[in-house]
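Written below as C-alpha cells is the structure these notes are about.
Chains as they are written, first to last, in my numbering: chain A, 165 to 499; chain B, 165 to 499.
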C-alpha cells in the first residue's frame, strides 16, 4: 500500500486503477495509515498465500486461489492489464506461464529483464537467469522483447541493441552468439542492431539493450551487484577509518547519498514473452521500489509494447521460414 | 626497468636474476635512470618486436627472434624459470603454446587467471577468456591449476574452490557445469572443493578459487571492471559537484586514494596449462604493476606449483579412466 500511496498523483493522472489481491483486513489496516489513492483500489480478498520457499511445481498445483494466482488470473481474464508481484519469482514465472501462455514459443520460461544504471540512464539487459541454454533464435527473441521494453519504459524512440560477447570482431565467441549476430544483421527486423558488445559495456551504456543467455546474464548481474556492494562497503570503511575522514564524509554526505541512489538498479523487472504483462518487484518492503515496479507495469500497459513485439516476431518467423525453404542459413532472404 | 628497480631488494633477497630481451641501447638508457638491480640483469639484444595489433598466427610465423619469442624460448631451454611480458596477449599465448606445449592436453589454449579483490584478499578466477567452449574436464583442469596458483601466489595453505553457476542447488545450471561438479565432488582430487558459487561470490570471497568457462569468465571480469569504473566516475562526480563536497573530498582524500588501490585487481596473470611459467602483465607502463607481475612469476617458480598440478592431473586422468573402463559416468570409482 505505501508504494501505491507514494505514486497516488501519478496514478490518478494516468487513469490507473488497482485490484488488490490479499487479506482484506490487513490491506484495510494499511490503508488506514496510507490513505492516498484508496479510491483507486478495489480489494479482492484471499487468505491463501504462496510462500517464498515454495517450489514452482508446488505453486502450480496448490497455488490456485492465492493472491499471486489471482493477480495473474485477472490479467488472463482481461480484468487487469498488468500484474505486479513481489512474491516468489519461480512461482510467479510458473503460474504466469500456465495462465497466460508464452507468446514466444521458443522460450521455455519468461525472460527476466534488469535495468542497469549507466552514465546516461539505464542499460536494459536480458535474460537474467530464466533460460539457461539459449540458441540463436531465443537470443533474437530477447533482442525483440528487450527493445520494445526499453522504448516503453526508458523512453528511447529507437533503442540500440547489442549482443554480449567476448570481443567485438565478427569471428569471436560462441557459435549460437555468432548465429544470432547473423540473424540480427540480416533478418530484416525493425531494430537498431549495433553488433557485439562486451561486459564492460553494461555500465558504459554503449547500447540501450544488451542481449545474452540466462546463464551469462545471471552471472553478469550478480557479479555486478557483488562489485557494487564490495566497493560501497570499502568506501564506507575508508570514510570511517579516522576522525578526519569522518569529517570529510559528513561534509559530503548529501553527495554520497545521491551516489547510492545512482548506482542501485531500480526495482521492477517484467517477465517477458508472455501473453500479458507481469512485473516482478523485489522490493516488497521499500515503497519507492514498489512504486517504480508499478510505474514499469503502467508504462508497458499504456504503450505499443505488445504489438511491437508481435510485429518483429512475425518478421523473424518469416525470415527463418524463407531460409528453411531455400535450404538453410546461407540463403538470401529473397532467394 | 622501473618495475625491476622498484622491487630490487625483494629480488636480491629471493635470489632472482633477470634476462632482459629487447633493444640493448634503450634498456641501458633506462637503467641510467633506474640503476637499482642493474647487477641482477643480463641483456639479450634484439631489435625485433611483435606489435600490439599483430594476429597470433602472424606472430607464430614471423615472431622468431623477437623479444617476446626469445623470452619464452629461454624458458623452454631452461635458461629462465619464468617469462614475464606486457606484450600482445594473443601472440604471447600462441608463441607460448608453440614453444612450451600444453601440459594439460584437453586445453586448446592456456587459461588466463585474474586475482579479483575481496574483503579478505583476492579471489582467483579463471578462465578469463582464452577457452570459450569448455566441457566438464576442462573446468576440472581449471580447478586444479587455479588452486595451485592460489596457494603459490596468495599464500593460502589449502585454497577452497567453487564452480560458478546460476544457483547453489545441485540440479541448477548447464550440463557441463553439473558434470564438472560431479567430477570435483567424486574424483578423488586433493582439492577443498565447496560446490557451486554465484557471480556475487567473486567480490565476496566466499571461496578462494572460482572456476568457469572462458566466455562466462570474460563477461564477468569485464562487467566487474565496468561497474568499478562507473562507480569511481560517479563518486568523483558526486564529490566534485559543489564546493562543500569538494572540501569533504579534500579532507578524506587519503582514504579515497587507499580505496582506489584496494578495488583495482593487481597486475600479473599467468597463462596456465603450459610446460613452463609465463606471466602476462597489462601494466607495461606502471612500474608497480610490472613489479607485481614479476613477483607472481617468482612465487610460481619458487613453489611446488608445477608438481602439484601434475599430481592432481594424474589423479583426474586415473579417475576418468576407471569410469571409462567400468562403462561410464555412473560407475563407482572402485566398481
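Glycine is no exception: its CB is placed at the ideal position from the N, C-alpha and C atoms.
One Cα belongs to residue 399 of chain A, the other to residue 409 of chain A, and the distance between them is close to 11 Å. With fewer than 16 other beta carbons inside 10 angstroms of its own, residue 414 of chain A counts as exposed.
If you ignore the 5 residues before and after residue 295 of chain B, its C-beta comes within less than 8 Å of the C-beta of 271, 272, 273, 275, 302, 377 and 378, all in its own chain and listed in chain order. Taking 8 Å as the Cβ-Cβ cut-off, the stretch 341-371 of chain A approaches chain B at 362, 363, 364, 365, 366, 367 and 368, given in chain order. A Cβ-Cβ distance of about 5 Å is found for the pair residue 388 of chain B and residue 387 of chain A, placing them in contact under the 8 Å criterion. The DSSP assignment places 246-249 as complete runs of the beta strand (DSSP E) inside the stretch 216-253 of chain A, in order along the chain (cut-off: 3 residues). By the criterion of at least three beta-carbon pairs nearer than 8 Å, the stretch 469-478 of chain A is not in contact with the stretch 175-190 of chain A.
Ranked by Cα distance from residue 484 of chain A, the options A:195, A:250 and A:344 are led by A:344. A buried status is given to residue 372 of chain B, since no fewer than 16 other beta-carbon atoms sit within 10 Å of its beta-carbon. For residue 387 of chain A, the enclosing alpha helix (DSSP H) has its first and last residue at 378-403. Straight-line spacing of the CA atoms in residue 261 of chain B and residue 360 of chain B works out to 31 Å.
Around the beta-carbon of residue 293 of chain B, 16 or more other beta-carbon atoms lie within 10 Å, marking it buried. A check of alpha carbon separations from residue 165 of chain A across A:177, A:178, A:174 and A:182 identifies A:182 as the nearest. Closest in alpha carbon position to residue 258 of chain A, among A:233, A:238, A:248 and A:241, is A:233. Per DSSP, residue 199 of chain A is not a residue of any alpha helix (DSSP H), being assigned neither H nor E.
In the same chain as residue 412 of chain A, and ignoring 5 residues on each side of it, the C-beta atoms closer than 8 Å to its own belong to 403, in chain order. Contact of residue 398 of chain A with chain B by beta-carbon distance below 7 Å involves 423, 426 and 427. Residues are counted here when their Cβ sits less than 8 Å from a Cβ of chain A; for the stretch 265-295 of chain B these are 281, 282, 283 and 293, given in chain order. At a cut-off of 7 Å between C-beta atoms, residue 386 of chain A counts as an interface residue with respect to chain B. Residue 453 of chain B is not a Cβ neighbour of residue 443 of chain B, given a cutoff of 7 Å.
With contacts defined as CB atoms closer than 7 Å, residue 220 of chain A and residue 171 of chain A fail to qualify as a contacting pair. At a cut-off of 7 Å between beta-carbon atoms, residue 403 of chain B makes contact with chain A. The beta-bridge partner set that DSSP reports for residue 266 of chain A consists of A:438.
Proximity of chain B to residue 395 of chain A at the Cβ level (cut-off 7 Å) is accounted for by 392, 395 and 427, in chain order. About 12 Å separates the beta carbon of residue 290 of chain A from that of residue 304 of chain A, a gap too long to meet the 8 Å contact definition. Under a criterion of Cβ atoms nearer than 9 Å, the residues of chain B adjacent to residue 297 of chain A are, in order, 338 and 339. The beta-carbon separation of residue 326 of chain B and residue 367 of chain A, rounded to 25 Å, does not stay under the 8 Å limit for a contact. Of the residues assessed, residue 381 of chain A falls on the buried side of the cut-off, its CB having 16 or more other CB atoms within 10 angstroms. Counting only the Cα atoms, residue 269 of chain A lies some 39 Å from residue 203 of chain A. Residue 334 of chain B places its beta carbon 7 Å or farther from that of residue 299 of chain B.
Interface criterion not met: the Cβ of residue 304 of chain B is under 7 Å from no Cβ in chain A.
By the 16-neighbour rule on beta-carbons within 10 angstroms, residue 423 of chain A is buried. Secondary structure note for residue 328 of chain B: its beta strand (DSSP E) is the uninterrupted segment 324-328. Ranked by Cα distance from residue 467 of chain B, the first of B:306, B:194, B:437 and B:313 is B:313. As summarised for the stretch 297-360 of chain B, the continuous beta strand (DSSP E) elements at least 3 residues long and confined to that stretch are 324-328, given in chain order. Residue 420 of chain B and residue 287 of chain A have their C-alpha atoms spaced approximately 28 Å apart.
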